Amino acid sequence: MDPLYIALNLFRRRKFEECVDVCTESLQKNPYDQAAWHLKMRALSEQVYVDEVEVDEEGIAEMMMDDNVIAAVARPGTSLKVPGTGQGLPSAGVRPMSQSGRPLSGFVRPGTQSGRPGTMEQAIRTPRTAHTARPVTSASGRFVRLGTASMLSTPDGPFINLARLNFAKYAAKPNLAKALFEYIFHHENDVRNALELAAHATQASHYKDWWWKVQLGKCYYRLGLYRDAERQFKSALMQQPMIDTYSYLCKVYVRLDQPLTAVEVFQQGLEKFPNETTLQTGIARVYEALNDMENAVRYYKDVLKQDSTHIEALACIANHHFYTDQPEIALRFYRRLLQMGVFSAELFNNLGLCCFYAQQYDMTLQSFERALSLAEDDMIIADIWYNVGQVAMGIGDTGLAQQCFRLALSSNNDHAEAYNNLGVLELKKGHVDQARAFFQTAQTLAPHMFEPHYNYGALADQVGDLQSSYNAVKKAVEAYPNHSDSKNLLVQLKKHFSIL
């Protein structure tokens, strides 16, 4: 049988490694076999292909040294760096916040874990992804994996020596050029050479091929040249409106901190592609990042009208209902996810909480047990034990609650909420020094939380350390300006100091 036919068949069945092996054998017999060379490039690219629209993690360098400043003091509701107070949003006392002041979303996406940190110290201390305690930099995570993939797949050396390629010659052959670009961009992770090839190919096509303009935009985006990327994507949209191109352009505007422009572009896309769930989800994400939960939930519901199995929309709506004191409705959405086959520790953890607050106590502990049996990551195990501790506090079993919080800390020693709650339990027992130590640890680990600041301030006030109390309560009011107890204590302390 023809080896090329075998290789094509393997490629169609997504058996890329076997396809590469067959192509390599063909190329050893005839190194100038363009069909085998092209197919091997495609197979190697597919092995490491990642959808650029979805995966986008902002590194420390991009956040702290961003020179694309639009306005130093943005109007509320127009900037992702300073999210507004939000419409239809529960207060920080009900819904946990990330250190940028945004509520935690119901669905883990890149960049949703902690938002933009205020200082370099916070950026370095805060984990940037759901799976690592190390902050993400431009050189970590996905790009390193893609860069080393070339060595893994061809241990004898690189498949193509990019330094010797004449890009102008290959750019004139459209079919070969596209496969070569994807190989350089995805497999070799060599953005500069990919950009050079894309520029030559755009010229060769007399600037009439929208696909090359999109690739140029992707290269510029990866290099941090956002305005150049914006021009290329706009030019591509004028020639050929495509859903992905609208998404790429909106990514540029989000990175430039222009969320309202991103929403406008998504809506222009919806005029061309009515009821397209990708674009509707994009609008909902932007509104969620702006703390405008009313509009976010409205768009997520529109997504569900078109695609009733959209996991992200279901999870975010369920999360919103849970934090707006409607656990029964949230439970319906989470059960729907379970029926769809989503089977994870996070889902059972959320089901357990919904059952507890909806007073379906028979299912609560069963859900948490299932969540613990499914959990593999220490961070998730810590969160589950913390939630079991919250349930124990709810039923008045302080002994069980203390055990659960300590188990949470044994899995994740940086769990600020568990330290704060252990401090409250120690204070109830009258152990002031231990309570103070727990509150101070929680303050250090999570300066964006108002609870440890207030608790420490109230404790310091009781024992007569008024200066420490004033400093802590001031931080609590900064973290959550509407917390009445913090404001009352601050007024009381100011009166006391004015008398002195």
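Residues 9 to 508 (this note's numbering) make up the sequence shown, in order. Backbone N, C-alpha and C fix where the C-beta goes; we use that ideal spot for every residue, glycine too. Keep in mind the model is a prediction, meaning the values are calculated, not measured.
Taking the alpha helix (DSSP H) that residue i belongs to, which residues open and close that run?
i      : result
Gly402 : 386-402
Gly465 : 459-470
Asp370 : 369-382
Leu173 : From DSSP, Leu173 is part of no alpha helix (DSSP H); its letter is neither H nor E.
Ala180 : Here Ala180 belongs to no alpha helix (DSSP H), and DSSP marks it neither H nor E.
Ala270 : 267-280
Val438 : Before going further, note that residue 438 is Gly rather than Val in the sequence given. Premise fails: Gly438 is in no alpha helix (DSSP H) and is neither H nor E.
His195 : It is not in any alpha helix (DSSP H) - His195 carries neither H nor E in the DSSP assignment.
Gln475 : 474-487
His328 : 319-331
His504 : 492-507
Asn420 : Run containing Asn420: none; DSSP gives neither H nor E here.
Asn283 : Asn283 -> no alpha helix (DSSP H), and no H or E assigned at all.
Asn358 : 353-365
Leu167 : The sequence given here places Phe at residue 167; Leu does not occur at that position. Run containing Phe167: none; DSSP gives neither H nor E here.
Tyr342 : 335-347
Arg306 : 301-314
Exposed or buried, residue i, counting other C-beta atoms within 10 Å across all chains shown (16 or more means buried)?
i      : result
Gln42  : exposed
Val222 : buried
Gly438 : exposed
Gly277 : buried
Arg22  : exposed
Arg124 : With a pLDDT of 47 at Arg124, under the threshold of 50, the predicted position of this residue should be treated as unreliable, and no value is reported.
Val481 : buried
Lys216 : exposed
Gly469 : For the record, residue 469 in the displayed sequence is Asp; it is not Gly. Buried is the call here.
Thr210 : buried
Asp441 : exposed
Gly360 : buried
Val58  : exposed
Thr452 : exposed
Asp391 : buried
Glu384 : exposed
Gly527 : Nothing can be reported for residue 527: it is not among the residues displayed for the chain, which extend from 9 to 508.
Phe193 : buried
Phe505 : exposed
CB-CB under 7 Å to residue i, same chain, minus the five flanking residues each way: which ones, in chain order?
i      : result
His208 : Phe175, Ala176, Ala179
Val399 : Phe364, Thr372
His318 : Thr285, Val311, Leu312
Lys495 : Val485
Leu268 : Thr86
Trp218 : Ala244, Gln247, Gln248
Ser477 : Gly465, Ala468, Asp469, Leu501
Quick one: what's got a C-beta closer than 8 Å to residue i's C-beta in the same chain, skipping five residues either side?
i      : result
Ala206 : Phe189, Trp220, Gln223, Leu224, Cys227
Gln240 : Lys221, Val222, Leu224, Gly225, Tyr228
Ile507 : none
Asp386 : Ser419, Asn420
Leu47  : Leu12, Ala15, Leu16, Phe19, Cys27, Cys31
Phe376 : Phe356, Asn357, Gly360, Ile392, Asn395, Val396, Val399
Val273 : Tyr254, Leu257, Cys258, Tyr261
Leu497 : Tyr462, Gly465, Ala466, Asp469, Ser477, Val481
Phe351 : Leu382
Lys242 : Leu257
Between residue i and the rest of its own chain, which residues show a CB-CB distance below 6 Å, the 5 nearest in sequence each way excluded?
i      : result
Ala270 : Cys258, Tyr261, Val262, Val294
Tyr427 : Phe446, Thr449, Ala450
Tyr307 : Gln288, Ile291, Ala292
Val409 : Sequence inspection shows Ala at residue 409; the Val mentioned does not correspond to that position. Within the same chain, Ala409 has close Cβ partners Gly397, Ala400, Met401.
Gln374 : none
Glu54  : Phe24
Arg414 : none
Ala304 : Ala292, Tyr295, Glu296
Lys483 : His461
Looking at chain D, is there any beta carbon in it that lies within less than 7 Å of the beta carbon of residue i?
i      : result
Gln288 : No chain D appears in this structure, which consists of one protein chain only.
For the region 218-234 against the region 189-205, do three or more pairs of beta-carbon atoms, one drawn from each stretch, fall closer than 8 Å, so that the two count as touching? Cβ pair count under 8 Å is three or more, so yes.
Is the region 269-287 touching the region 247-260, taking contact as three or more C-beta pairs under 8 Å? Touching, per the Cβ criterion.
Would you check if there are 3 or more beta carbon pairs closer than 8 Å linking the region 373-384 to the region 329-344? Note that the region 373-384 does not touch the region 329-344; fewer than 3 beta-carbon pairs, one per stretch, sit closer than 8 Å.
Inside the region 200-267 only - alpha helix (DSSP H) runs reaching at least 4 residues: The region 200-267 contains these whole alpha helix (DSSP H) runs: 218-230, 234-247, 251-263.
If we require 4 or more residues per run, which alpha helix (DSSP H) segments fall completely within the region 13-44? If we require 4 residues or more, the alpha helix (DSSP H) runs fully inside the region 13-44 come out as 24-37.
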